[in-house]
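*Asks:*
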Amino acid sequence: MPTGRPPRPAPAAEPFPPCPPWRSWRKETTPMKRKQTKEAAPTTAGQTDRLIQQAAETTAPKASKPKKKTKAAAPLTPAQVGIGEDSSVFEHRLARHYDELKWLYCELYHGDLGAFDYFTQMLRRSWEDRKADLRVQDAQREADPNWYRRRELLGMMLYTNAFAGTLNGVAEKLPYLKECGVNYLHLMPLLESPKGRSDGGYAVSNFRKVQPELGTMADLEHLADSCRKDGISLCLDFVMNHTSEDHEWAKKARAGEPGYRERYFFYDSWDIPREFEKTVPQVFPTTAPGSFTWLDDCKQVVMTNFYPYQWDLNYANPMVFNDMTENLLYLANRGIDVIRLDAVPYIWKQLGTDCRNLPQVHTLVRMMRMVCEIVCPSVLLLGEVVMEPAKVAPYFGSTDKPECHMLYNVTTMATTWHTLATADVSLLRHQVDAVCALPRDFLFLNYLRCHDDIGWGLDYPWLKEHFGTDEVAHKKYLNDFFTGKLPGSNSRGELYNDDPRLGDARLCGTTASLCGVEAADYERDPFKLERAISCDLMLHAWMLTQSGIPVLYSGDEVGQLNDYSYHHDGEKWDDSRYIHRGDFQWDLAKMRHDPTTRQGKQFIGLRRLEELRAAEPAFDARAEMWTFDTGDSRVLGIGRWYQGRKLIAFFNFSQEFVTVSNADQGPFEELIYGGTFDDLRQVKLYPYGFAWYLHTEE
């Protein structure tokens with residue numbers, strides 16, 4: 001894996017045909033014996049068109065064997081879920097966790113029993129405020145603790161204003177989301193934050209108010225109710241590490257009101273801040289250097305690890321933990337199903353450390369998990385831990401002391417894009433093997449793009465050991481590739497927080513633009529467009545093959561391109577992340593049912609893959625998963641097994657035709673394109689091709 005090679009060139013002999021004959025090409029070059037099966041009509045379509053054709057011919061994915069019918073459970077009564085005056089359910093849940101909760105709380109806060117008593121009374125009040133249908137849902141999900149591990153779950157993350165203008169607008173668009181198969185909806189930050197100093201909504205000035213232009217808290221609750229009726233779980237960000245400088249606590253701290261400066265990190269001089277900065281890495285070294293800010297009006301220094309207008313909270317103060325936990329429960333009681341804990345590794349500060357992933361962080365998260373199990377057990381905690389794999393897994397906790405329910409599969413995402421740029425799956429196999437070695441109870445959210453940039457947090461020690469890779473040179477290669485600077489690259493990304501001195505930067509752009517769809521669309525090149533859409537669909541097929549919950553970024557389902565309008569916005573022009581935060585293009589999305597358009601190819605092809613995944617038990621989160629050597633470093637091989645059903649998958653990360661193999665015994669049914677095969681000794685793949693082969697044990 002060289003540090004700076006250009007992408008593999010296409011074969012020099014002759015260019016690929018614009019529409020390679022899938023069925024005839026496979027029959028002529030494949031020596032595999034084919035069982036007598038019903039053949040599809042001959043076609044000259046390429047891989048993407050073949051996928052569209054299969055979707056049109058198939059009214060529904062092939063279902064797994066029907067399970068034995070079981071007697072439906074009787075509806076839960078209010079008394080069973082503790083509605084009304086009966087508080088025994090709450091008392092039972094509290095008693096189950098009380099000893100551990102008190103021990104951890106008093107250990108962290110030096111035996112402050114007064115603060116702990118306030119804390120438990122706050123939990124009781126929050127439970128009493130929880131409405132009846134949420135308590136019913138609590139009881140149902142307690143009875144089915146693996147409800148969020150179903151393979152049918154499909155997520156989407158979106159900005160309310162970009163997608164539908166307001167929260168009520170999102171409610172009106174729920175039919176579209178259901179058409180997309182979405183049953184997990186993550187709304188990007190929407191709580192009150194000051195214009196021009198919001199960090200995209202992550203500088204919260206009021207945890208109990210919605211940004212006025214998006215609606216009201218009542219609108220959010222109405223949307224949550226509508227989602228619940230439609231079987232959609234709603235996720236919301238909870239910014240734990242800091243508040244906006246416009247938050248009520250911050251204003252009182254700035255004014256010197258007693259008890260409020262202790263909620264942050266205030267210092268009379270730079271002496272202690274300078275000691276912190278000796279060991280604490282900078283989050284934004286170019287756009288917001290340093291970790292502290294001087295407040296001239298009150299002659300104080302305050303800790304600001306992110307931006308100067310985001311003041312870090314002091315969780316060593318029990319009142320901060322108590323009040324922030326109450327804010328979390330307030331959102332849960334509005335009907336939020338999943339609370340995304342933003343920047344959770346940063347929340348505990350200790351002089352002389354890097355203030356990342358400290359043991360006290362895990363104590364806080366463990367207590368928050370118990371709080372949810374006591375007050376709102378249907379609510380999940382999703383941890384945002386953008387770290388290397390060894391530092392991510394501990395946030396799941398242990399079997400007897402769990403922390404987060406789910407975590408982002410950040411490193412696999414970044415490694416996937418690295419693999420696309422290098423056409424070498426070695427590092428990706430290494431990364432996936434590390435994930436597969438984790439307990440199967442650990443549930444990841446898998447994604448290709450999100451609201452944020454792509455940081456190249458790869459396993460560079462492994463790359464250096466096996467390929468002699470220089471980290472700085474390799475990051476430059478990746479960024480040059482995805483910004484289209486290298487010959488042969490059709491990617492159209494932009495850099496974020498570019499630091500020329502360190503040769504480091506992060507990458508921004510939509511999936512389609514990074515895959516070359518934008519360049520091909522601009523050039524009106526049908527061959528390039530077919531190749532780019534194949535690349536996009538291959539990456540999504542790989543995402544869907546992983547264990548966990550696949551999450552789409554809004555617009556990716558129709559191949560939405562970069563939005564460059566932010567360059568002309570006075571509040572956004574210096575933040576290139578807005579290139580992939582543009583308004584949803586509803587006019588273009590109307591083409592999603594037309595298979596002759598690129599939007600239709602993307603939407604129909606992706607829905608076909610999603611439906612196959614939902615119907616096939618081998619994609620269960622509890623399945624065994626492994627990688628295997630395909631005989632070609634450009635092709636990733638994945639195996640999955642669950643309850644006698646084995647899936648063998650191939651993903652070609654290059655723009656070349658390849659032939660690969662797998663030694664497992666058949667027969668195999670190809671799920672995506674159709675056909676039955678005795679073995680997989682010679683599998684032909686298109687450029688950016690992929691395939692799912694299923695073997696069912698007798």
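Using this note's numbering, read the sequence shown as starting at 1 and increasing by one per residue. The beta carbon of each residue, even a glycine, is placed where N, CA and C say it ideally should be. These figures come from a predicted structure and were not determined experimentally.
Under the assumption that ASP230 contacts LYS178 (Cβ atoms under 8 Å), give the Cβ distance between them as a whole number of angstroms.
*Replies:* Locating residue 230 in the sequence shown gives position 230, counting from the first residue. Locating residue 178 in the sequence shown gives position 178, counting from the first residue. ASP230 to LYS178, Cβ: 6 Å. Contact.
*Asks:* How would you write the range of the alpha helix (DSSP H) that PHE116 sits in, first residue to last?
*Replies:* Here residue 116 corresponds to residue number 116 of the sequence shown, with the count starting at 1. It spans 113-128 - the alpha helix (DSSP H) in which PHE116 sits, taken as one unbroken run.
*Asks:* Taking the DSSP output, what are the residues bridged to MET707?
*Replies:* Since the first and last residues shown for the chain are 1 and 698, residue 707 lies out of range.
*Asks:* Name the one or two DSSP bridge partners that HIS186 has.
*Replies:* Residue mapping note: residue 186 aligns to position 186 of the sequence shown, counting from 1. Answer is MET157 and CYS235, bridged to HIS186.
*Asks:* Which residue's Cα is closest to the Cα of LYS173: SER226, VAL89 and ILE272?
*Replies:* Along the sequence shown, read from residue 1 onward, the residue named residue 173 stands at position 173. Among SER226, VAL89 and ILE272, the Cα nearest to that of LYS173 is on SER226.
*Asks:* Whose C-beta lies closer than 8 Å to the C-beta of ASN206 among residues of the same chain, with five residues either side of it excluded?
*Replies:* The residue given as residue 206 occupies position 206 in the sequence shown. Excluding residues within five positions, the ones whose Cβ falls inside 8 Å are LEU191, GLU192, HIS247 and GLU248.
*Asks:* Can you tell me where the beta strand (DSSP E) with GLU669 in it begins and where it stops?
*Replies:* Translated into positions along the sequence shown, residue 669 becomes position 669. 658-670 is the extent of the beta strand (DSSP E) around GLU669.
*Asks:* Can you give me the start and stop residues for the beta strand (DSSP E) that THR627 sits inside?
*Replies:* Along the sequence shown, read from residue 1 onward, the residue named residue 627 stands at position 627. Unbroken beta strand (DSSP E) run through THR627: 624-628.
*Asks:* What residue does the alpha helix (DSSP H) around LYS178 start on, and which one ends it?
*Replies:* Position 178 of the sequence shown holds residue 178. Here the alpha helix (DSSP H) through LYS178 covers 174-179.
*Asks:* Assuming TYR447 and MET543 are in contact, meaning their beta carbons sit under 8 Å apart, how far apart are those beta carbons, in whole angstroms?
*Replies:* Start at 1 with the first residue of the sequence shown, and residue 447 comes out as number 447. Start at 1 with the first residue of the sequence shown, and residue 543 comes out as number 543. Contact holds; Cβ gap of about 7 Å.
*Asks:* Measure how close the beta-carbons of LEU584 and GLY555 come, nearest whole angstrom, since I'm counting them as under 8 Å.
*Replies:* Within the sequence shown, numbered from 1, the residue matching residue 584 stands at position 584. Within the sequence shown, numbered from 1, the residue matching residue 555 stands at position 555. For the sequence presented, residue 584 should be read as Phe rather than Leu. With 8 Å as the limit, PHE584 and GLY555 qualify as a contact, their Cβ atoms being about 6 Å apart.
*Asks:* Using a 10 Å radius around the Cβ and a threshold of 16 neighbouring Cβ atoms, would you call TYR184 buried or exposed?
*Replies:* For the purposes of this step, residue 184 is identified with residue 184 of the sequence shown, where counting begins at 1. TYR184 is buried by the Cβ-count criterion.
*Asks:* Starting from SER565, follow the beta strand (DSSP E) in both directions and report where the run begins and ends.
*Replies:* For the purposes of this step, residue 565 is taken as residue 565 along the sequence shown, with counting starting at 1. Unbroken run through SER565: none, as it is neither H nor E.
*Asks:* Taking three-plus beta-carbon pairs below 8 Å as touching, is the segment 266-286 in contact with the segment 300-318?
*Replies:* Touching, per the Cβ criterion.
*Asks:* So, ASP138 versus SER513, is the Cβ gap smaller than 8 Å?
*Replies:* As a first step, residue 138 is located in the sequence shown; it is residue number 138 there, counting from the start. As a first step, residue 513 is located in the sequence shown; it is residue number 513 there, counting from the start. Result no, Cβ atoms of ASP138 and SER513 do not sit closer than 8 Å.
*Asks:* Quick check on the burial criterion: 16 or more other C-beta atoms within 10 angstroms. Buried or exposed for LEU552?
*Replies:* Residue mapping note: residue 552 aligns to position 552 of the sequence shown, counting from 1. LEU552 should be labelled buried.
*Asks:* Taking 7 Å as the limit between beta carbons, can you name the residues of its chain near CYS436, skipping five residues before and five after?
*Replies:* To locate residue 436, count along the sequence shown from 1; it is residue 436. Within the same chain, CYS436 has close Cβ partners MET625 and TRP626.
*Asks:* What does the alpha-carbon distance come out to for the pair GLY200 and THR676?
*Replies:* One-based indexing of the sequence shown puts residue 200 at position 200. One-based indexing of the sequence shown puts residue 676 at position 676. So the alpha carbons of these two residues sit roughly 50 Å apart.
*Asks:* Taking the alpha carbon of THR399 as the point to measure from, which residue in GLY516, LEU443 and ASP144 has its own alpha carbon closest?
*Replies:* Locating residue 399 in the sequence shown gives position 399, where the first residue counts as 1. Selected option, being the one with the closest Cα: LEU443.
*Asks:* Return the CA-CA distance between GLU699 and MET370, expressed in angstroms with no decimal places.
*Replies:* With the chain represented from 1 up to 698, any question about residue 699 goes unanswered, as that position is not in the structure.
*Asks:* Given that a residue counts as buried once 16 or more other Cβ atoms are within 10 Å of its Cβ, and exposed if not, what is LEU351?
*Replies:* Position 351 of the sequence shown, counted from the first residue, corresponds to residue 351. That one is exposed.
*Asks:* State the Cα-Cα distance for the pair LYS684 and GLN47, rounded to the nearest angstrom.
*Replies:* Stepping through the sequence shown from its first residue, residue 684 is reached at position 684. Stepping through the sequence shown from its first residue, residue 47 is reached at position 47. Their Cα atoms are separated by approximately 12 Å.
*Asks:* Could you check the C-alpha separation between ASP86 and LYS251 for me, to the nearest Å?
*Replies:* Residue 86 sits at position 86 when you count from the first residue of the sequence shown. Residue 251 sits at position 251 when you count from the first residue of the sequence shown. Distance between the alpha carbons of ASP86 and LYS251: 41 Å.
*Asks:* If we ignore side chains and look at the alpha-carbon of each, how far apart do ILE648 and TYR693 end up?
*Replies:* Position 648 of the sequence shown, counting from 1, holds the residue named residue 648. Position 693 of the sequence shown, counting from 1, holds the residue named residue 693. Those two C-alpha atoms are separated by around 5 Å.
*Asks:* Quick one: measure Cβ to Cβ for VAL385 and LEU358, integer angstroms, because I've assumed they're closer than 8 Å.
*Replies:* As a first step, residue 385 is located in the sequence shown; it is residue number 385 there, counting from the start. As a first step, residue 358 is located in the sequence shown; it is residue number 358 there, counting from the start. The Cβ separation is near 13 Å, so there is no contact.
*Asks:* Under the three-state reduction of DSSP, which class applies to MET1: helix, strand or coil?
*Replies:* Counting from 1 along the sequence shown, the entry for residue 1 is found at position 1. Summary for MET1: the model assigns pLDDT 44, below 50, so the residue's position carries little reliability, and this model does not support an answer.
*Asks:* Which partner residues of GLN310 appear in the DSSP bridge assignment?
*Replies:* Counting from one through the sequence shown, the residue named residue 310 turns up at place 310. Per DSSP, SER244.
*Asks:* Under the DSSP definition of a beta bridge, which residues are partnered with PHE292?
*Replies:* In the sequence shown, counting from the first residue as 1, residue 292 sits at position 292. Per DSSP, MET303.
*Asks:* Rounded to a whole number of angstroms, what is the C-alpha to C-alpha distance between ALA614 and ARG150?
*Replies:* Taking the sequence shown and counting its residues from 1, one reaches residue 614 at position 614. Taking the sequence shown and counting its residues from 1, one reaches residue 150 at position 150. Taking the straight line joining both Cα atoms gives about 9 Å.
*Asks:* Return the CA-CA distance between ASP441 and LEU609, expressed in angstroms with no decimal places.
*Replies:* Residue 441 sits at position 441 when you count from the first residue of the sequence shown. Residue 609 sits at position 609 when you count from the first residue of the sequence shown. Between ASP441 and LEU609, the C-alpha separation is close to 25 Å.
*Asks:* Between the Cα of ALA421 and the Cα atoms of ALA434, LEU478 and PRO258, which residue gives the shortest distance?
*Replies:* The residue given as residue 421 occupies position 421 in the sequence shown. For the residues ALA434, LEU478 and PRO258, the minimum Cα distance to ALA421 belongs to LEU478.
*Asks:* Tell me the residue span of the beta strand (DSSP E) that contains HIS362.
*Replies:* Numbered from its first residue, the sequence shown carries residue 362 at position 362. Counting along the chain, HIS362 falls outside any beta strand (DSSP E), though it belongs to the alpha helix (DSSP H) covering 359-375.
*Asks:* Do you know how far the Cα of TYR105 is from the Cα of GLY111?
*Replies:* Reading the sequence shown from its first residue, position 111 is the one you call residue 111. Reading the sequence shown from its first residue, position 105 is the one you call residue 105. Each residue's Cα considered, the two are about 8 Å apart.
*Asks:* Candidates ASP574, ASP470, TYR642 and THR469: which alpha carbon is nearest GLU741's?
*Replies:* The question about residue 741 has no answer here: the residues shown for the chain are numbered 1 through 698.
*Asks:* Please classify THR469: does DSSP put it in a helix, a strand, or coil?
*Replies:* Stepping through the sequence shown from its first residue, residue 469 is reached at position 469. In this structure, THR469 counts as coil in the three-state DSSP scheme.
*Asks:* Using the three-state DSSP reduction, which class does LEU458 fall into: helix, strand or coil?
*Replies:* Walking along the sequence shown from the start, residue 458 turns up at place 458. Coil.
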